[in-house]
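A.B. asks: The numbering used here numbers the first residue of the sequence shown as 7 and each following residue consecutively.
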Amino acid sequence: MTKHAIQWFEIPVTDLDRATAFYEAILGVTLERMTVGTPVAVFPSDDDAVGGALSLDDRKPSDQGSLVYLTAPHGVQEALDRVPEAGGEVLLPRTEIEGDYGFYAYIKDSEGNKVGLFENV
């Protein structure tokens, strides 16, 4: 049995600088740039947490594939407020998850990916 169902995620991008600036602006975090076979920008996370990155490779950004939910460390609404200025689009406003599980929203990022934002209660 594993601790997490997800071990790692990657969000495909066509412009790593633009995408990094977008996510840093809306989430208020700093991504770490590195090359691991391909150029990536890694989202900050604890050592024992699930991690992920923006990845500049041969995949194409899309709003039709898998959906990744990113933690909005300062709250979903604060992140949503920054999306248009950072070059994205709000697809679904901050929405409560029934049963006191928190809040979520959907955005289209600067690359055209549909991404979820999540906030714990």
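Note that the Cβ used here is the ideal one computed from N, Cα and C, for glycine as well. Quick caveat, the model's predicted, so the values are computed rather than measured.
1) Whole angstroms are fine: how far does the CA of residue 105 sit from the CA of residue 44?
2) Which whole runs of the beta strand (DSSP E) in the stretch 54-95 are 3 residues long or more, in chain order?
3) Is it buried or exposed for residue 51, if we count other Cβ within 10 angstroms and need 16 for buried?
4) Around the Cβ of residue 26, are there at least 16 other Cβ atoms within 10 angstroms (buried) or fewer (exposed)?
5) Rounded C-beta distance between residue 110 and residue 122? I'm assuming under 8 Å.
C.D. replies: Straight from the coordinates:
1) 41 Å
2) 57-61, 75-77
3) exposed
4) buried
5) 6 Å
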